[in-house]
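With the numbering used here as the guide, the letters of the sequence shown map in order to residues 3 to 117.
From the three backbone atoms N, C-alpha and C, an ideal C-beta is built for every residue, glycine too.
Encoded as structure tokens, the structure appears first; notes follow it.
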Amino acid sequence: MAKKQKADLLQGTLDMLILKSLLSQSRHGYGVAKWIQVTTRGALEIEEGSLYPALHRMQKRGWIQSEWGLSESNRRAKYYELTPVGRAQLKTEVQSWSQLVDAISLVLKSNLAEG
């Protein structure tokens, strides 16, 4: 059986995915990565080396805030949640992404013989 190929993230999409994962509830880092993996049916896996620098960068920008809590396994974990600034940023990023998807869709649907 062929190994399932993982998709590479396009530059700039990681922040949007993380913000979206925090829209409905706070999550710890592993929970963010797991949510993305499950939601994309395994197509996207976020590595720790990308996830935690992104979380720290977003916290510095004021998009998310964090506090310590207990995980499902009763271990101490840092939980992240969206701030109002983060919600606004997510809305902006989703709009930009939707415009890009629409533009790419036009290209893919175009007649290859044109031009």
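Rounded straight-line distance, which links the Cα of residue j to that of residue i
i, j, result
"G51", "L57", "11 Å"
"Y54", "I20", "11 Å"
"Q1", "K62", "Residue 1 cannot be examined here, being either before or after the span of the chain that is shown, 3 to 117."
"E49", "L16", "11 Å"
"K111", "D104", "11 Å"
"M18", "N113", "32 Å"
"G88", "M60", "8 Å"
Contacting residues, own chain, Cβ-Cβ under 7 Å from residue i (five flanking each side not counted)
i, result
"R29", "S23, W37, Y81 and Y82"
"S73", "H30 and A79"
"S68", "Q61, K80, Y81 and Y82"
Burial state of residue i, where buried means 16 or more other Cβ atoms lie within 10 Å
i, result
"G31", "buried"
"I106", "exposed"
"A90", "exposed"
"V96", "exposed"
"A35", "buried"
"G14", "exposed"
Close beta carbons around residue i, own chain, < 8 Å, minus the five adjacent residues each side
i, result
"W70", "R78, A79, K80 and Y81"
"L84", "L21, L24, L25, W65, I66 and L92"
Bridge partners - residue i, DSSP secondary structure assignment
i, result
"S124", "One cannot answer for residue 124 here, as it falls past the ends of the chain, which runs 3 to 117."
"Y82", "R29 and S68"
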